[in-house]
Every structure is written in structure tokens, then in C-alpha cells.
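Residue numbers (the numbering used here): 207 to 308.
Virtual Cβ for every residue (Gly too), placed ideally from N, Cα, C.
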Amino acid sequence: MKLEITVPEDYWGNVIGDLMTRRAQIKETGNRGKLKTAIANVPLAEMFSYANALRSLTQGRASSLWSLLLYAGSKQHRRENHRLPSGICCKSQLISERKDHR
């Protein structure tokens, strides 16, 4: 997810620390008056309950905007859904072909 946050300076360290625990990659930071801003990429799996955490960390004074950045399956998903050899239509056919060659 692409995450854009606007945070009062007093809470900046706590908010950035929380983002780091969520495996965020901070792409850009800036200032807007007495507010600090950041743009980060964060895995969706790490964003559950983030709105509540942000509200708690900043006493309700921060704002966030989320948008889908890209879809990337989990490592487990990629292992299970790797490309099959040509001519093989499904995993069950691959398994039966392997058994036939033994």
C-alpha cells in the first residue's frame, strides 16, 4: 500500500517507529508548517488496525491516506502458484505425470 501521513511534529518519532515495525519503506518526508509528512510503501498485511494505532499514537491529530500500490502475492502464495511446465494444465496432472515416470 502507498501510505501518505500528516503528523504533528510532537508525535513524529512514535509514528515513524510504528511504521518501521510494520516493514514500511519510507520514500519521502517533508514539512508543512508545524506538521511533518511522509510517503511510505507498506505491505497490506501489516496495515490491519493501523488507523487505530495512528489515532492512539497521535491523540487523533494525524491523518493518513492509503492507496493500492501494487499486488504482490506472499512468499507462500508464490511457492504454491509457480508456473507449471508447458503441456501441464494443473497440479494434479503434474503429480500424475511424475508418478508415471517413476
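Of the listed residues the options, nearest to residue i (C-alpha basis)
i, options, result
"Ser273", "Thr235, Val213, Met253, Gly223", "Met253"
"Asn237", "Ile211, Leu276, Thr227, Val248", "Ile211"
"Arg228", "Pro214, Tyr277, Ala257, Gln265", "Ala257"
"Glu215", "Thr235, Lys242, Glu234", "Lys242"
"Ala230", "Pro249, Lys240, Val213", "Pro249"
"Gly239", "Gly266, Tyr277, Val213", "Val213"
Sequence-distant residues of its chain with Cβ nearer than 7 Å to residue i (five each side left out)
i, result
"Leu275", "Met207, Lys208, Asn247"
Proximal residues to residue i (C-beta, below 8 Å), its chain only, five neighbours per side dropped
i, result
"Arg261", "Ala268"
"Ile232", "Ile222, Leu225, Ala244, Ile245, Ala246"
"Tyr277", "none"
"Ala259", "Asp224"
Whole-Å CB distance - residue i paired with residue j, under 8 Å assumed
i, j, result
"Tyr217", "Leu263", "6 Å"
Residue i classed as buried or exposed, judged by whether at least 16 other C-beta atoms fall within 10 angstroms
i, result
"Ala251", "exposed"
"Gln265", "exposed"
Own chain, CB closer than 6 Å to residue i, minus 5 neighbours either side, in chain order
i, result
"Thr235", "Ala244"
"Ile220", "The residue you asked about is not Ile; residue 220 is Asn in the sequence shown. Excluding positions up to five away in sequence, the list reads Leu263."
- Query: Taking the runs of the alpha helix (DSSP H) that are 4 residues or longer, which of them lie wholly in the region 227-274?
  - Reply: The qualifying runs are 256-264.
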